[in-house]
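Each residue of the sequence shown is one higher than the one before, counting from 57 in our numbering. Backbone N, C-alpha and C fix where the C-beta goes; we use that ideal spot for every residue, glycine too.
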Amino acid sequence: MYKERISKLRNLMNDKNIDAVLLVGDHNRNYLSGFTGDESFSVITENKAFFITDSRFTEQAKQQVKNYDILEYNKNTTFADFLGELVKSNNIKRLGFEEDILSFSVYTLYKSKVQCEFVPMERIVETIRTIKDESELKLIKKAAQIADEAFEHMVKFIKSGMTERKIGLELEFYMKKLGAQELSFPSIIASGVRSSLPHGQATNKVVNKGEFLTLDFGCIYEGYCSDMTRTIVIGKPSEKMIEVYNTVLEAQELALKAFKPNIPAIEVDKVARNYIKEKGYGEYFRHGLGHGVGIQIHEAPSVGYGSTEELQPGMVVTDEPGIYIPGFGGVRIEDLLVITKNGMEVLSKSPKHLICVD
Numbered sequence: 057m058y059k060e061r062i063s064k065l066r067n068l069m070n071d072k073n074i075d076a077v078l079l080v081g082d083h084n085r086n087y088l089s090g091f092t093g094d095e096s097f098s099v100i101t102e103n104k105a106f107f108i109t110d111s112r113f114t115e116q117a118k119q120q121v122k123n124y125d126i127l128e129y130n131k132n133t134t135f136a137d138f139l140g141e142l143v144k145s146n147n148i149k150r151l152g153f154e155e156d157i158l159s160f161s162v163y164t165l166y167k168s169k170v171q172c173e174f175v176p177m178e179r180i181v182e183t184i185r186t187i188k189d190e191s192e193l194k195l196i197k198k199a200a201q202i203a204d205e206a207f208e209h210m211v212k213f214i215k216s217g218m219t220e221r222k223i224g225l226e227l228e229f230y231m232k233k234l235g236a237q238e239l240s241f242p243s244i245i246a247s248g249v250r251s252s253l254p255h256g257q258a259t260n261k262v263v264n265k266g267e268f269l270t271l272d273f274g275c276i277y278e279g280y281c282s283d284m285t286r287t288i289v290i291g292k293p294s295e296k297m298i299e300v301y302n303t304v305l306e307a308q309e310l311a312l313k314a315f316k317p318n319i320p321a322i323e324v325d326k327v328a329r330n331y332i333k334e335k336g337y338g339e340y341f342r343h344g345l346g347h348g349v350g351i352q353i354h355e356a357p358s359v360g361y362g363s364t365e366e367l368q369p370g371m372v373v374t375d376e377p378g379i380y381i382p383g384f385g386g387v388r389i390e391d392l393l394v395i396t397k398n399g400m401e402v403l404s405k406s407p408k409h410l411i412c413v414d
């Protein structure tokens, strides 16, 4: 698996005329090596792969990282000096680096210590990561299953008079009880007028009858994320609440049918966006339709009004239109799905009809 990923990287390196790449970001480095720790580095050349760490992680690296030369640098040697010697001994002239990850100060340090040309990689590892293999899809599906089971539990747990934070704590505890390592991101738990905040994290606000409650959450299972949103009503909804909810639901379902391989992602966004606009709520849909999900909760491809990517089989993305009306509240409904050869498969199985709890 890791050999195949490195082979794909080397093909892209050859296209860009890069002799080697330096990986300092945890996600890219671990994706290509199988390491689960941090504060380590990889240098991959046309025919060698070096995994570089210090004494804290050497034993772990030897256990987890195969087909790499495991190198250790000590506290008396900076990584920049170590990298300089490695580049020199392997005759590396053009070294690709993660321009979105490496800070300017560290880049400047490396430039002063390493005698080669530094070339922006232009997210070539992230490009490889957009297409998930079967082992990745298995883990993402398990993470999605945990989220579904947690939502089923929360519908029974949530009562009016609870605080958003109590709801959030129960949600986190239950997902971890089911095997989640961590949350994919701090859960968005927003009720009443706060549900108009697309990223409203839990507060001590009490959820009351006659209010929307938006739950946007996910978990990490064996390194892979899930992401799902459901909006429910505490008590009985007003006619306006029903209208807004059904508008979002219909937009979300229409977009689902539009997800297919070889379709520009921006065209799928337009399906949901145009429907919401037709219903008179266009100004209240203020974000893109979705995003890629994998070892990070937000990764390529973007599925939005500024997207330039084309959907391909193996991409895992979200479909999450929303309407957010200040002073009233908001609704978002989100499914996780994978693009297949013939269309798409929805990974989020939780019901989407309007659910009301006491």
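For residue i, which three-state DSSP category applies?
| i | result |
| --- | --- |
| V372 | strand |
| A236 | coil |
| G279 | coil |
| H62 | The question names His, yet the displayed sequence has Ile at residue 62. I62 falls in the helix class under three-state DSSP. |
| S98 | strand |
| Q201 | helix |
| D137 | helix |
| S247 | strand |
| D71 | helix |
| F3 | There is no way to answer for residue 3, as the model of the chain reaches only from 57 to 414. |
| K253 | One point to set straight first is that residue 253 is Leu, not Lys, in the sequence displayed. Three-state result, L253: coil. |
| T114 | helix |
| E226 | helix |
| V300 | helix |
| E178 | coil |
| I332 | helix |
Are residue i and residue j closer than 7 Å when you measure CB to CB?
| i | j | result |
| --- | --- | --- |
| E267 | I290 | yes |
| I332 | S252 | no |
| M231 | V263 | no |
| G195 | E278 | The sequence as given places Leu at residue 195; Gly does not occur at that position. Yes, these two residues count as a Cβ contact at 7 Å. |
| D325 | L345 | yes |
| I389 | V304 | yes |
| L139 | A76 | no |
| A206 | G274 | no |
| A105 | Y129 | no |
| A236 | I245 | no |
For residue i, which of the options has the nearest alpha-carbon?
| i | options | result |
| --- | --- | --- |
| M284 | E306, F315, K265, P242 | P242 |
| M210 | K197, L225, S358 | L225 |
| A136 | E190, G93, I100, V80 | V80 |
| G360 | Y340, L234, P320 | P320 |
| K405 | D391, A328, P176, E278 | D391 |
| M371 | K316, L310, K169, F138 | K316 |
| E141 | V175, G256, S168 | S168 |
| I411 | L271, T134, N330, E401 | L271 |
| G378 | R329, L88, R112 | R329 |
| N302 | Y337, K397, I395 | Y337 |
| K233 | A199, V402, E182, E323 | A199 |
| N70 | Y58, T101, I353 | T101 |
| P176 | E155, T183, E190 | E155 |
| S247 | Y58, I214, E228 | I214 |
| E60 | V327, K335, R185 | R185 |
| G399 | K313, V373, S111 | K313 |
| D414 | M57, L88, R112, K212 | K212 |
Distance check for residue j and residue i, CA to CA, integer angstroms please.
| i | j | result |
| --- | --- | --- |
| R342 | P369 | 28 Å |
| E295 | S96 | 56 Å |
| D375 | Q171 | 46 Å |
| L239 | K197 | 15 Å |
| K188 | G350 | 8 Å |
| R286 | L127 | 47 Å |
| K408 | N103 | 50 Å |
| N86 | D94 | 9 Å |
| L471 | P357 | Residue 471 cannot be examined here, being either before or after the span of the chain that is shown, 57 to 414. |
| G362 | I276 | 28 Å |
| G386 | N260 | 19 Å |
| V99 | Q120 | 17 Å |
| L367 | N318 | 5 Å |
| I180 | F174 | 15 Å |
| H83 | K292 | 44 Å |
| V394 | S282 | 12 Å |
Who are residue i's beta bridge partners in DSSP?
| i | result |
| --- | --- |
| H347 | S358 |
| T219 | V262 |
| R342 | Its beta-bridge partners do not exist; DSSP assigns none. |
| R150 | E173 |
| G386 | Y380 |
| A105 | I100 |
| P320 | E366 |
| V402 | L393 |
| V289 | F268, C412 |
Tell me whether residue i counts as near the ligand COA, meaning its Cβ is closer than 6 Å to at least one heavy atom of that ligand.
| i | result |
| --- | --- |
| K313 | As for the ligand COA, it is missing from this structure, which has no ligand bound. |
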